[in-house]
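*Asks:* Residue numbers for the sequence shown follow full-length UniProt numbering, beginning at 1 and rising by one. Glycine included, C-beta positions come from ideal geometry on N, C-alpha and C. First the structure, then my questions, so here it is.
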Amino acid sequence: MFMAADWVVKAVMIGLAFASVVTWTVWLAKSVELMAAQTRVRKTLRGFLASASLDEARRVGAKGPAAAMLRSTDLELKRSGDLPAEGIKERVSISLGRIEVATGRAINRGTGLLATIGATAPFVGLFGTVWGIMNSFIGISKAQTTNLAVVAPGIAEALLATAIGLVAAIPAVVIYNHFARQVAGYRILMGDASAEVLRLLSRDLDRRDARETSRSAATTARLRAAAE
Numbered sequence: 001m002f003m004a005a006d007w008v009v010k011a012v013m014i015g016l017a018f019a020s021v022v023t024w025t026v027w028l029a030k031s032v033e034l035m036a037a038q039t040r041v042r043k044t045l046r047g048f049l050a051s052a053s054l055d056e057a058r059r060v061g062a063k064g065p066a067a068a069m070l071r072s073t074d075l076e077l078k079r080s081g082d083l084p085a086e087g088i089k090e091r092v093s094i095s096l097g098r099i100e101v102a103t104g105r106a107i108n109r110g111t112g113l114l115a116t117i118g119a120t121a122p123f124v125g126l127f128g129t130v131w132g133i134m135n136s137f138i139g140i141s142k143a144q145t146t147n148l149a150v151v152a153p154g155i156a157e158a159l160l161a162t163a164i165g166l167v168a169a170i171p172a173v174v175i176y177n178h179f180a181r182q183v184a185g186y187r188i189l190m191g192d193a194s195a196e197v198l199r200l201l202s203r204d205l206d207r208r209d210a211r212e213t214s215r216s217a218a219t220t221a222r223l224r225a226a227a228e
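Written out as structure tokens, the structure reads:
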């Protein structure tokens, strides 16, 4: 049927077949990427949960976005010095939020193509079908016969375009929805990692403030003792 089809219908079929190949290529590549990313974040998150301070978290050996979160936190601590803890936590929270957004955008890259294929492939196939049926009607008028043996092949060729469009669209929609759930789960993991970094930062800053308060109290006590 393909070889006997009109060149426009052939172009539609080839385009839809290419879209189907793209769909499965994206599925394979993104599946591997998401699996590796989720495994890495889960491992790092377990390390963060077991840590009592940022120093311990640094020894976890975090990679990827989680490592970027630690680097961003360290940079803000270095720049802020002895500034108030609340301001430091707020600035770190902003930095971690940006990392989360950038990571979510990066992991979601490519899935929009699946949505496009899923939305347009049936209509492209329908276009091929309409074009093929138009040619079939033209052929009928030229042959001046309505014999089914003459009409059926052209209509079958035209309907094949719609079938290929559905074959391309249905997996694309299913895979896109699957990836949407996977990406949402990954973003939740990144949010958990960010929350753990903030928790460790808050604990370290509270310890710093407690040490400073203790030193200040000790100094005051010594001064009072000396004055007496």
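(1) Counting C-beta neighbours from all protein chains within 10 Å, is the total for Thr103 16 or more, i.e. buried, or is it exposed?
(2) Can you find at least 3 beta carbon pairs, one from the segment 29-48 and one from the segment 131-139, that sit closer than 8 Å?
(3) Could you round the C-beta distance between Thr201 and Thr73 to whole angstroms and report it? I think they count as a contact, below 8 Å.
(4) Counting pairs of Cβ atoms below 8 Å between the segment 102-118 and the segment 176-193, do you hit three or more?
(5) Tell me whether the beta-carbon of Ile117 lies closer than 8 Å to the beta-carbon of Ala19.
(6) Going by C-alpha distance, which of Trp7, Asp6 and Thr23 is nearest Gly165?
(7) For the alpha helix (DSSP H) that contains Ser53, what are its first and last residues?
(8) Between the C-alpha atoms of residue 233 and Ala29, what's the straight-line distance to the nearest angstrom?
(9) If contacts are defined as beta-carbon pairs under 8 Å, then Gly132 and Gly154 qualify, I think. What distance do you get, rounded to the angstrom?
(10) Could you spell out where the alpha helix (DSSP H) holding Val92 opens and where it closes?
(11) Given a threshold of 16 other Cβ atoms within 10 Å of its Cβ, counted over all protein chains shown, does Trp27 qualify as buried or as exposed?
(12) Are the beta-carbon atoms belonging to Ala37 and Ile107 less than 8 Å from one another?
(13) Quick one: Cα of Asp170 to Cα of Val8, how far?
(14) Within a Cβ cutoff of 8 Å, which residues of the same chain sit near Ala85, ignoring the five residues on either side of it in sequence?
(15) So, under 8 Å CB-CB, Phe127 and Val21 are touching, yes? Tell me the CB distance rounded to an integer number of Å.
(16) Considering only the beta carbon of each residue, do Leu198 and Val41 sit closer than 8 Å?
(17) Glu100 and Ser214 - do their beta-carbons sit closer together than 8 Å?
(18) How would you call Asp6, buried or exposed, if buried means at least 16 neighbouring beta carbons within 10 angstroms?
(19) Please list the terminal residues of the continuous alpha helix (DSSP H) segment that includes Lys78.
(20) CA-CA distance, Ser80 and Lys89?
(21) Please state whether the Cβ-Cβ distance between Thr129 and Thr162 is less than 8 Å.
*Replies:* Let me spell this out:
(1) Thr103 is buried by the Cβ-count criterion.
(2) The segment 29-48 vs the segment 131-139: no contact.
(3) For the sequence presented, residue 201 should be read as Leu rather than Thr. Between Thr73 and Leu201 the Cβ distance is about 6 Å, and since that is below 8 Å, they are a contact.
(4) The segment 102-118 vs the segment 176-193: in contact.
(5) Ile117 is a Cβ neighbour of Ala19, given a cutoff of 8 Å.
(6) The residue among Trp7, Asp6 and Thr23 with its C-alpha nearest the C-alpha of Gly165 is Thr23.
(7) Where Ser53 is concerned, there is no enclosing alpha helix (DSSP H), given that its DSSP letter is neither H nor E.
(8) No information on residue 233 is available, as it lies outside the stretch 1 to 228 that the chain covers here.
(9) So it is a contact: roughly 6 Å between Cβ atoms.
(10) Unbroken alpha helix (DSSP H) run through Val92: Ala85 to Ile107.
(11) The residue is buried, with at least 16 neighbouring Cβ atoms inside 10 Å.
(12) Yes. Within cutoff.
(13) According to the sequence shown, residue 170 is Ile rather than Asp. Straight-line Cα distance between these residues: approximately 23 Å.
(14) Once the five neighbours on either side are set aside, the close Cβ partners of Ala85 are Ser202, Leu205, Asp206, Arg208 and Asp209.
(15) Not confirmed; about 20 Å, so no contact.
(16) No, the Cβ-Cβ distance between Leu198 and Val41 is not below 8 Å.
(17) Not in contact: Ser214 and Glu100 (Cβ atoms no closer than 8 Å).
(18) In this structure Asp6 is buried. Its beta-carbon is surrounded by 16 or more other beta-carbon atoms within 10 angstroms.
(19) For Lys78, the uninterrupted alpha helix (DSSP H) run begins and ends at Pro65 to Ser80, by DSSP.
(20) So the two alpha carbons sit approximately 10 Å from each other.
(21) Cβ atoms of Thr129 and Thr162: closer than 8 Å.
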